[in-house]
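Residue numbers (my numbering), protein chains in the order written: chain D, 31 to 574; chain S, 111 to 376.
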């Protein structure tokens, strides 16, 4: 007894027609993933085209999205002026999992080879019209979604659908225009509806030009480039070159969709994320150097940033929500102090079909670890920045107060000014120590003190306070550059070494005012305080 | 061959419309017309356009137009399945966009329907009436037509109901292929009178006696931005027509209307 090898052949007749819905609705579940696929295909269409030629032809390097809705019938059109497709290449839109893009195109965003299937349930009909650059033919693929879905059944096979021209129709005509590119037209003949159990017209609501959500979807799922204008944007465009992304305009109903940084975010820092010595991602992060806390300058309609936070991307296509993989890694909300993008360059770290996560694999895990440690670095820098800004603010206020004290001030104003100087002197003292800080706060303070802005402010404050005698009054010998001594309290002191001092009435009143809370702290009543003040007044006035 | 010549003439017309539109000196213009599948009008005017309103009686034609211009970054692309006169009569008055450039590109002439007052003339009136509500905003109207369409008498009978007797006399004296051109000029002059418009006859040409093209810039009151001189609509009676015939490579200027013994233009 022995097994004998038998040759069993398989064809499309061995694949059930239900696989069609599994390829579309199951994989490309939301409107974002459908539109992202179309935008990616349009982007890839420009990759083989010489940019100079496009310019000569006066064709914009743009993904043009337009929509119409007349009496319930809607259309969403995504067009490009890219290289276009021949009839044979259009066939690839229907082929399953056969993509030549990764081999033929450097930096192609698409790699799955699921082409038009991604779009299937989006409308009731999908029409792809294309003319190849340099060709003299125009080709068309029409997918009648209603027919396709009505014919899906356990008895029918993939072969029955793919080779039925009432379901999938290919056409070609002579074309004498110089134009080239592809237009994908999703026709919705009404609101979402079901053919058997399969939903059609899923993008119907987005075909209405008054709908605002499509813009949001594009912001969250499409490769919108940053504006090329503005100094801060230059760094981002330089980074685009390094990640292999070519800025390609995206317009919606004639409006250009460009990401922009709020003008307040002047600090743009570029980082590399490495995994095992290999460059895994290029990162840029922007923040407001003059403020701490969550960024509030972002206007979603104007900046198209989708709020503050860090966005994971590949070829400028967003992956998942902002701050992906940060849960439990850093303090909640800390990444909203920044806006930035992590552009994955590792070839084996790819988005999944939903576009909401990364494909499973060991490379993914290592990459996530690296991203998480980058988030932690950002958290640390946020905390250091917080300390730095606080130090700068105190020093600046102290300097202003010292200048004010040169003029005439009321008792209260004087008290406030002196308080500000005292705080600034405290900052000078804390940041000037040479000892090693053990506490986290101490370390942050030392780190923040090294930043140029703090150093500059501290030097200026020290100069002004020294000239005005404030270092001596409010600080200890230690605060003086030439004097190292033991720690002392920096609260305003009436003593200045052994030198006797004359205090004018205003100053005395101010000091007394400042001391009132301390008097209250003793636990005496307001009436008793009032009596005490009367006594002091009499003493000062020589009436006692 | 004839088709090619006509196509070349048509493209020349489009280029001239582009030139006229440039004189408006306004950015982001709106086009209204019947661009057909290939939308050559729109591609020619593209650098000046922000919005387009495409009219055609056949939805399949507009479907192709839509696909062909899909790659253009225009703010508004409107596709209306309608007869152009019906559109001008009924829909254009309530359209939120105002056409800066209108191209009525006919295969026939101007006055087709059994009752032109219900269609063509009413459509024209509504068109000019809408524009007259926007003073000092010049606009281009281009019109191509076949000079040999419905009978001469149709024009005379129709226009005699709205034009003064002396102008009708001018029309009656005009012979041959010039009759329709003269009739349309008189019709436009009448519209200018009704809506108090100034004009600049930018171009009027007759190609090989088969296609007429007229490009006129109108404005209610002076438009300081428009770089063309705008004047009395009676210029429509005086200005000659540029005639291209198959025997001569250089066109001739031909007076359309016989004016010597009339006081109309004085």
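Virtual Cβ for every residue (Gly too), placed ideally from N, Cα, C. Predicted, not measured: the structure shown is a model, and the values here were computed from it.
task = Return no unless some Cβ of chain D is closer than 7 Å to the Cβ of residue 235/S.
result = Taking the second chain and counting its residues from 1, the one referred to as residue 235/S is at position 125. Not an interface residue.
task = Quick one: give me the first and last residue of the beta strand (DSSP E) that residue 314/S is part of.
result = The sequence position of residue 314/S within the second chain is 204, counting from 1. Its beta strand (DSSP E) spans residues 308-317.
message = For the alpha helix (DSSP H) containing residue 157/S, name the first residue and the last one.
response = Working through the second chain from its first residue, we reach residue 157/S at position 47. Premise fails: residue 157/S is in no alpha helix (DSSP H) and is neither H nor E.
query = Nearest-angstrom Cα distance between residue 289/S and residue 363/S?
reply = If you number the second chain from 1, residue 289/S lands on position 179. If you number the second chain from 1, residue 363/S lands on position 253. Residue 289/S and residue 363/S have their C-alpha atoms roughly 16 Å apart.
query = Which value, in whole angstroms, describes the spacing of the CA atoms of residue 245/D and residue 338/S?
reply = Translated into the one-based positions of the first chain, residue 245/D becomes position 215. Translated into the one-based positions of the second chain, residue 338/S becomes position 228. Between residue 245/D and residue 338/S, the C-alpha separation is close to 41 Å.
key: Delimiting residues of the alpha helix (DSSP H) encompassing residue 252/D   = As a first step, residue 252/D must be located in the first chain, where it is residue number 222. Per DSSP, residue 252/D lies in no alpha helix (DSSP H) and is assigned neither H nor E.
query = Leaving out five residues before and five after residue 272/S in sequence, what residues of the same chain have Cβ atoms less than 7 Å from its Cβ?
reply = Along the second chain, read from residue 1 onward, the residue named residue 272/S stands at position 162. Result list for residue 272/S: 300, in chain order.
Same chain, Cβ closer than 7 Å to residue 415/D, neighbours up to 5 away in sequence not counted = In the first chain, counting from the first residue as 1, residue 415/D sits at position 385. So the qualifying residues of the chain are 322.
query = For residue 111/D, which residues in chain S fall below 8 Å Cβ to Cβ?
reply = Mapped onto the first chain, residue 111/D falls at position 81. 181, listed in chain order.
inquiry  = Below 8 Å on the Cβ atoms is my contact criterion, and I expect residue 481/D with residue 418/D to pass it. Report the Cβ-Cβ distance as a whole number of Å.
reply    = Counting from one through the first chain, the residue named residue 481/D turns up at place 451. Counting from one through the first chain, the residue named residue 418/D turns up at place 388. About 5 Å separates the two Cβ atoms, so the contact holds.
task = Name, going along the chain, the residues of the stretch 208-236 of chain D whose beta-carbon falls closer than 8 Å to a beta-carbon of chain S.
result = Taken in chain order, the members of the stretch 208-236 of chain D whose beta-carbon sits within less than 8 Å of a beta-carbon on chain S are 209, 211, 213, 215.
ask   = Where does residue 365/S land, buried or exposed, given buried means 16+ other C-beta within 10 angstroms?
value = Taking the first residue of the second chain as 1, we reach residue 365/S at position 255. That one is exposed.
inquiry  = Bridge partners for residue 225/D per DSSP, in chain order?
reply    = Indexing the first chain from 1 puts residue 225/D at position 195. In the DSSP output, where bridge partners are listed per residue, residue 225/D has 228/D.
ask   = Which bits of chain S does residue 283/D rub up against, with CB to CB less than 9 Å?
value = By one-based count along the first chain, residue 283/D stands at place 253. Within chain S, the residues placing a beta-carbon under 9 Å from that of residue 283/D are 184, 185, 186, 187, ordered along the chain.
task = Please work out which residues of its chain come closer than 7 Å, Cβ to Cβ, to residue 174/D, disregarding the five sequence neighbours upstream and downstream, and give them in chain order.
result = Here residue 174/D is taken as the residue at index 144 of the first chain, counted from 1. Excluding the 5 residues flanking it on each side, residue 174/D has same chain C-beta neighbours closer than 7 Å at 155, 196, 197, in chain order.
message = Check for me: the alpha helix (DSSP H) holding residue 333/D runs from which residue to which?
response = Residue mapping note: residue 333/D aligns to position 303 of the first chain, counting from 1. First-last of the alpha helix (DSSP H) with residue 333/D: 330-333.
task = Could you tell me which of 99/D, 110/D, 420/D, 71/D sits nearest to residue 89/D, measuring between CA atoms?
result = If you number the first chain from 1, residue 89/D lands on position 59. For residue 89/D, the nearest C-alpha among the options comes from 110/D.
query = Which first and last residues belong to the alpha helix (DSSP H) in which residue 556/D is found?
reply = Here residue 556/D refers to the residue found at position 526 of the first chain. Note, residue 556/D: alpha helix (DSSP H), 556-570.
message = So within the stretch 156-221 of chain D, which uninterrupted alpha helix (DSSP H) runs reach at least 4 residues, ignoring any that extend past its ends?
response = Within the stretch 156-221 of chain D, the complete alpha helix (DSSP H) runs of at least 4 residues are 175-181, 188-192.
query = Do you know whose CA, among 187/D, 171/D, 114/D, lies nearest residue 50/D's CA?
reply = Taking the first residue of the first chain as 1, we reach residue 50/D at position 20. Distances from the alpha-carbon of residue 50/D to those of 187/D, 171/D, 114/D put 187/D closest.
Rounded straight-line distance, which links the Cα of residue 131/S to that of residue 99/D = Taking the first chain and counting its residues from 1, the one referred to as residue 99/D is at position 69. Taking the second chain and counting its residues from 1, the one referred to as residue 131/S is at position 21. Spanning the alpha carbons of residue 99/D and residue 131/S requires a straight line of approximately 30 Å.
inquiry  = For residue 547/D, tell me which candidate among 559/D, 432/D, 538/D has the shortest Cα-Cα distance.
reply    = Translated into positions along the first chain, residue 547/D becomes position 517. Cα-wise, what sits closest to residue 547/D is 559/D.
query = Going by beta carbon distance, what residues of the same chain come within less than 6 Å of residue 84/D, once the five residues before and after it are set aside?
reply = Counting from one through the first chain, the residue named residue 84/D turns up at place 54. Within the same chain, residue 84/D has close Cβ partners 91.
ask   = Are the CB atoms of residue 373/D and residue 312/D nearer to each other than 7 Å?
value = Locating residue 373/D in the first chain gives position 343, counting from the first residue. Locating residue 312/D in the first chain gives position 282, counting from the first residue. Cβ distance < 7 Å, so residue 373/D and residue 312/D count as in contact.
Which listed residue (286/S, 313/S, 144/S) has its alpha carbon closest to that of residue 191/S = Numbered from 1 along the second chain, position 81 holds the residue referred to as residue 191/S. Checking every option, the nearest Cα to that of residue 191/S belongs to 144/S.
request  = Can you grab the Cα-Cα spacing for the pair residue 158/D / residue 212/D, in whole Å?
outcome  = Your numbering for residue 158/D matches position 128 in the first chain. Your numbering for residue 212/D matches position 182 in the first chain. Near 7 Å, if we compare the C-alpha coordinates of residue 212/D and residue 158/D.
request  = Could you give the DSSP three-state label for residue 87/D: helix, strand or coil?
outcome  = Stepping through the first chain from its first residue, residue 87/D is reached at position 57. Looking at residue 87/D - three-state DSSP - the assignment turns out to be coil, as it is neither helix nor strand.
request  = Please list the partners that residue 176/S has in chain D, where partner means a Cβ-to-Cβ separation under 9 Å.
outcome  = Locating residue 176/S in the second chain gives position 66, counting from the first residue. Within chain D, 96, 98, 105, 107, 213, 215 have C-beta atoms less than 9 Å from the C-beta of residue 176/S, given in sequence order.
message = Would the stretch 242-260 of chain D count as touching the stretch 336-347 of chain D if we require 3 or more Cβ pairs under 8 Å?
response = The stretch 242-260 of chain D is in contact with the stretch 336-347 of chain D.
task = Tell me whether residue 51/D counts as near the ligand PLP, meaning its Cβ is closer than 6 Å to at least one heavy atom of that ligand.
result = As far as ligands go, the structure on display features none, and thus does not contain the ligand PLP.
query = For the candidate residues 303/S, 164/S, 322/S, whose alpha-carbon lies nearest to that of residue 328/S?
reply = Here residue 328/S refers to the residue found at position 218 when the second chain is read from its first residue. Of 303/S, 164/S, 322/S, the residue nearest in Cα terms is 303/S.
key: chain S contact for residue 92/D (CB, 7 Å cutoff)   = Position 62 of the first chain holds residue 92/D. Yes - at least one Cβ of chain S is within 7 Å of the one on residue 92/D.
query = How is residue 180/S classed by DSSP in three states: helix, strand or coil?
reply = Within the second chain, numbered from 1, the residue matching residue 180/S stands at position 70. In the three-state reduction of the DSSP assignment, residue 180/S falls in the coil class, being assigned neither a helical nor a strand state.
Short-range partners of chain S found in the stretch 164-176 of chain D, where Cβ spacing is below 7 Å = Cβ contacts with chain S: none found.
key: C-alpha distance - residue 407/D paired with residue 38/D, whole-angstrom precision   = Counting from one through the first chain, the residue named residue 407/D turns up at place 377. Counting from one through the first chain, the residue named residue 38/D turns up at place 8. Their backbone Cα atoms lie some 58 Å apart in a straight line.
query = Would residue 343/S be called buried (16 or more neighbouring beta carbons within 10 Å of its own) or exposed?
reply = Walking along the second chain from the start, residue 343/S turns up at place 233. Answer is buried; the Cβ neighbour count reaches 16.
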